[in-house]
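Here my numbering is used: the first residue of the sequence shown is 354, the next is one more, and so on. For each residue, glycine too, the CB sits at the ideal point set by N, CA and C. Structure first, then comments.
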Amino acid sequence: MVATPIGNLGDITERALAVLSQADVIAAEDTRVTGQLLKHFGISTPMISVREHNERAMAEKIIARLAAGDTVAQVSDAGTPAVSDPGAVLAAAVHAAGFQVIPVPGASALTSALSASGFSCAHSLFYGFLPPKSKQRRDELAKLSQLPYLTVFYEAPHRIAECVADMAAVFGDEREAVLARELTKTFETIRRAPLAELAQWIANDSNQQRGEAVIVVNAAAPAEKAEGSSYDSLLTPLVAELPLKQAVALAQAISGAPRNALYERALALKKAE
């Protein structure tokens, strides 16, 4: 599984060049795209096409070649195979057949965007591509909106403007995010701003609606403390009808507030009855 450059050809590794040169065949997502890469580096290894629509069928042929002693190098058009690209089906089939799957790491839009984001968070979620329709996209974003870690998305150029607008609507205008567009290429753009500002900037500049994009959204802020009577309207009926622990658990599930703060307030309400 050989990672190839996501833009700048200088990012290819010596190991990747050696593997591509020495393999018996290269399984490429698009032989025309990979052909340009091989031509640039003077590599003449033959190629076969392994794309999303034929990956299962081609896996059988590749396993037959492995059984005959061949070495097969799998590549996608850019970046690492199987990361929002074909490759996982083939790798699973090779594992199941008892052959070795070896990663040859390299350039990654995901890690490049994270490293340049400036966000300090111990945890991150790589979501990949959101649904293409706004309703389904917003539904998915709603599930992610309160997660306490960075969320990373890939997006196609023709959807980037409406996608970031939907993020602003669901995550909130002030949630900070980074747009990393055309990474390692001539017109690379990395901009960090609140989502509303980022959405407006993209909408106003058609240049930002070109090329592949990575969006890194900052983690949700911790839920506000339940202090004083902030949650009395929620807790009062629950405390009246349920055991204290059950009432607090239900209130936490509904509000997302810290359990300890809810418990202290529920206890005070119970004593006041």
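- CB-CB under 8 angstroms to PHE472, same chain, minus the five flanking residues each way: which ones, in chain order? Position 119 of the sequence shown holds residue 472. If we look at PHE472 and ignore the five residues flanking it on each side, its Cβ neighbours are LEU503, GLU529, VAL531, VAL569, ASN571 and ALA572.
- Message: Which residue wins for smallest C-alpha separation from VAL442, given the options HIS393, LYS624 and ASN407?
- Response: Mapped onto the sequence shown, residue 442 falls at position 89. The shortest C-alpha separation from VAL442 is found at ASN407.
- Item | 8 angstroms CB neighbourhood of LYS578 in its chain, flanking five on each side removed | One-based indexing of the sequence shown puts residue 578 at position 225. The predicted position of LYS578 is uncertain, since its pLDDT is 46 and thus under 50; no value can be drawn from it.
- Residue burial classification, GLU367 (beta-carbon count within 10 angstroms, cutoff 16): Numbered from its first residue, the sequence shown carries residue 367 at position 14. By the 10 Å Cβ count, GLU367 comes out exposed.
- Query: Quick one: Cα of TYR507 to Cα of VAL517, how far?
  - Reply: On the sequence shown, position 154 is the one that residue 507 refers to. On the sequence shown, position 164 is the one that residue 517 refers to. Each residue's alpha carbon lies about 11 angstroms from the other.
- Task: Name the one or two DSSP bridge partners that GLN427 has.
- Result: Working through the sequence shown from its first residue, we reach residue 427 at position 74. Answer by DSSP bridge pairing, in chain order: ALA380.
- Query: Fully enclosed by the stretch 491 to 538, which alpha helix (DSSP H) runs are 4 residues long or longer?
  - Reply: 513 to 524
- Task: Assign GLU535 to one of two classes, buried (16 or more other C-beta atoms within 10 Å of its C-beta) or exposed (fewer than that).
- Result: As a working note, residue 535 is residue 182 in the sequence shown. Buried.
- Message: Starting from ILE401, trace the beta strand (DSSP E) in both directions and tell me its first and last residue.
- Response: Within the sequence shown, residue 401 is the residue found at index 48, counting from 1. 400 to 402 is the extent of the beta strand (DSSP E) around ILE401.
- Name the one or two DSSP bridge partners that ALA546 has. Numbered from its first residue, the sequence shown carries residue 546 at position 193. Answer is ALA530, bridged to ALA546.
- Below 8 angstroms CB to CB, which residues in the same chain sit around LEU597 once its five sequence neighbours on both sides are set aside? Here the question's residue 597 lines up with position 244 in the sequence shown. Only TYR616, ALA619, LEU620 and LYS623 meet the Cβ criterion.
- Message: Could you compute how far the alpha carbon of ALA446 sits from the alpha carbon of ILE416?
- Response: Sequence index remark: in the sequence shown, residue 446 carries index 93 (1-based). Sequence index remark: in the sequence shown, residue 416 carries index 63 (1-based). The alpha-carbon atoms of ALA446 and ILE416 are separated by roughly 8 angstroms.
- Could you say which of SER477, GLN499 and MET520 lies nearest to LYS488 if we only look at CA atoms? The sequence position of residue 488 within the sequence shown is 135, counting from 1. Selected option, being the one with the closest Cα: MET520.
- Looking at C-alpha atoms only, which residue of MET354, SER429, ASN361 and VAL372 is the closest neighbour of GLU382? One-based indexing of the sequence shown puts residue 382 at position 29. The shortest C-alpha separation from GLU382 is found at SER429.
- Apart from the five residues on each side of it in sequence, which residues of its chain come closer than 6 angstroms, Cβ to Cβ, to ARG630? Here the chain has residues from 354 to 626 only, and residue 630 is not among them.
- Assuming ALA444 and VAL454 make a contact with CB atoms under 8 angstroms, what is their CB distance in whole Å? Position 91 of the sequence shown, counting from 1, holds the residue named residue 444. Position 101 of the sequence shown, counting from 1, holds the residue named residue 454. So it is a contact: roughly 5 angstroms between Cβ atoms.
- Helix, strand or coil: how does DSSP classify TYR616 here? Walking along the sequence shown from the start, residue 616 turns up at place 263. DSSP places TYR616 in helix when its eight states are reduced to three.
- Task: Please say whether TRP554 and ALA566 have beta carbons closer to each other than 9 angstroms?
- Result: For the purposes of this step, residue 566 is taken as residue 213 along the sequence shown, with counting starting at 1. For the purposes of this step, residue 554 is taken as residue 201 along the sequence shown, with counting starting at 1. Their beta carbons are not under 9 angstroms apart, which means ALA566 does not touch TRP554 by this criterion.
- Task: Please name the residue, chosen from ARG512, PHE524 and ILE607, that lies closest to ASP492 on a Cα-to-Cα basis.
- Result: Stepping through the sequence shown from its first residue, residue 492 is reached at position 139. If we check each option's Cα against that of ASP492, PHE524 comes out closest.
- Message: Here's the rule I'm using: 16 or more other beta-carbon atoms within 10 Å means buried, otherwise exposed. How should PRO434 be labelled?
- Response: Your numbering for residue 434 matches position 81 in the sequence shown. Buried: at least 16 other Cβ atoms inside 10 Å.
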